[in-house]
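Engineer: Can you keep this structure in mind? I'll have questions shortly.
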Amino acid sequence: MDKVSPLETFKLDEAAIANFVKLQRTIYGWKQDMLAAEAGVSLATVSRIERGVKVRETQLRKIARALGKPEDEFLRAHIRPSAEEAAANFVEMFAWTEGRIPISVAPLRTELQLRTMLATFSLLFDSDLGGGAAGDLAELREWLDLASFVQAEREGVIGLKPDRDFRVRPLWRDVLNCVERLERTHAAVVLTGTYVAEPMAGGEPISIAVLVIRSRRCNPAASRITTLWANAKVDERQMLADYFNGIV
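Sequence positions in the sequence shown follow my numbering and run 1484 to 1731.
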């Protein structure tokens, strides 16, 4: 009877861990300080890991969890995959990006950013702040709804155009002041960006804005986020229904 060969196992060495961490961090669009904040370790720890320097097991466990891996990912023995399995593992590594595209974002600070956001087809709003911020988030959404409505009137999309002496800049300042209050009160950062999405119903691509609020208490490096991910396809009909329901 033929004997079954035992499965070959291996452990990741410091160089392999360094390459893995750098690759995953790059895929996520994170800088070293952001990974450090997500993992709850020092920036120096992340730097040492990515240089291939040995660190404590507790730090490796934290880094693994922050990257969405089992906490013993860098410590346990792995079964050496076949060529086919290695290819499948590589595909699985990037599976979370399927149907999503990266978006460049920056803190919302200027009227130009606000006007760019209002010029898009729709706005995607997201926040990781807790229930204690609900009132301030609702206020910001009301300001944005008002700004969107006024901009649509100015462009003749809905209603009558305002009088020629109508001044919109005070409204833009009110919106930005609301953003500043929310960030100050809740130790947060308000990020914005735009991207081009594919309508689910077909037709020409449409421009979408994102407004993402992230807590600096949860992630001290939140203000340094430069890339977020969003769905490549959007339901533009539902977006239109939500918009008009909101202004009725």
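Glycine included, each C-beta is placed from N, C-alpha and C at the ideal position.
1. Is DSSP giving Phe1608 helix, strand or coil here?
2. How far does the beta strand (DSSP E) with Thr1599 in it reach, from first residue to last?
3. Only counting the same chain, and skipping five residues up and downstream in sequence, which positions put a Cβ closer than 7 Å to that of Arg1707?
4. I need the DSSP call for Ser1698, collapsed to helix, strand or coil.
5. Would Ser1565 pass as a contact of Thr1709 if the rule is Cβ separation under 8 Å?
6. What does the Cβ neighbour count give for Ile1562, buried or exposed, with the cut at 16 atoms within 10 Å?
7. What residues in its chain sit with their C-beta under 8 Å from that of Phe1493, if we drop five residues either side in the sequence?
8. When you compare only the Cα positions, how much space is there between Val1504 and Ala1704?
9. Considering only residues of the same chain and omitting the five flanking positions on each side of Asp1657, which have a CB-CB separation below 7 Å?
10. Compute the distance between the beta-carbons of Val1717 and Met1683, then report whether it is under 8 Å.
11. Taking the alpha-carbon positions, what's the Gln1596 to Leu1659 distance?
12. Leu1674: which of Arg1508, Arg1697, Ala1724 sits nearest, CA to CA?
13. Short check: CB of Ala1630 to CB of Leu1601, under 8 Å?
14. Can you confirm whether Pro1703, when its beta carbon is compared against all beta carbons of chain D, has any partner nearer than 8 Å?
15. So Trp1712 is in the beta strand (DSSP E); what residue range does that whole segment cover?
Structural biologist: Here's the rundown:
1. Here residue 1608 is taken as the residue at index 125 of the sequence shown, counted from 1. DSSP, reduced to helix, strand and coil, places Phe1608 within a strand of the structure shown.
2. By 1-based counting over the sequence shown, the position of residue 1599 is 116. Taken as a continuous stretch (DSSP letters only), Thr1599 belongs to no beta strand (DSSP E), being part of the alpha helix (DSSP H) at 1594-1601.
3. For the purposes of this step, residue 1707 is identified with residue 224 of the sequence shown, where counting begins at 1. Only Lys1514, Asp1516, Met1517 meet the Cβ criterion.
4. Reading the sequence shown from its first residue, position 215 is the one you call residue 1698. Strand.
5. In the sequence shown, the residue the question calls residue 1565 occupies position 82. In the sequence shown, the residue the question calls residue 1709 occupies position 226. No.
6. If you number the sequence shown from 1, residue 1562 lands on position 79. So Ile1562 ends up on the exposed side.
7. Here residue 1493 refers to the residue found at position 10 when the sequence shown is read from its first residue. Residues of the same chain with a CB within less than 8 Å of the CB of Phe1493, apart from the 5 flanking positions on each side, are Ala1560, His1561, Arg1563 in chain order.
8. One-based indexing of the sequence shown puts residue 1504 at position 21. One-based indexing of the sequence shown puts residue 1704 at position 221. So the alpha carbons of these two residues sit roughly 18 Å apart.
9. Working through the sequence shown from its first residue, we reach residue 1657 at position 174. Trp1626.
10. Within the sequence shown, numbered from 1, the residue matching residue 1717 stands at position 234. Within the sequence shown, numbered from 1, the residue matching residue 1683 stands at position 200. Contact flag set, yes.
11. Residue 1596 sits at position 113 when you count from the first residue of the sequence shown. Residue 1659 sits at position 176 when you count from the first residue of the sequence shown. If I take the Cα positions, the gap works out to 10 Å.
12. Along the sequence shown, read from residue 1 onward, the residue named residue 1674 stands at position 191. Of all alpha-carbon atoms in Arg1508, Arg1697, Ala1724, the one lying nearest the alpha-carbon of Leu1674 is that of Arg1697.
13. As a first step, residue 1630 is located in the sequence shown; it is residue number 147 there, counting from the start. As a first step, residue 1601 is located in the sequence shown; it is residue number 118 there, counting from the start. It is a contact, given that the beta carbons lie within the stated cut-off.
14. Considering every chain present, this structure includes no chain D. It has just one protein chain.
15. The count along the sequence shown starts at 1 and reaches residue 1712 at position 229. Segment 1710-1714, the beta strand (DSSP E) holding Trp1712.
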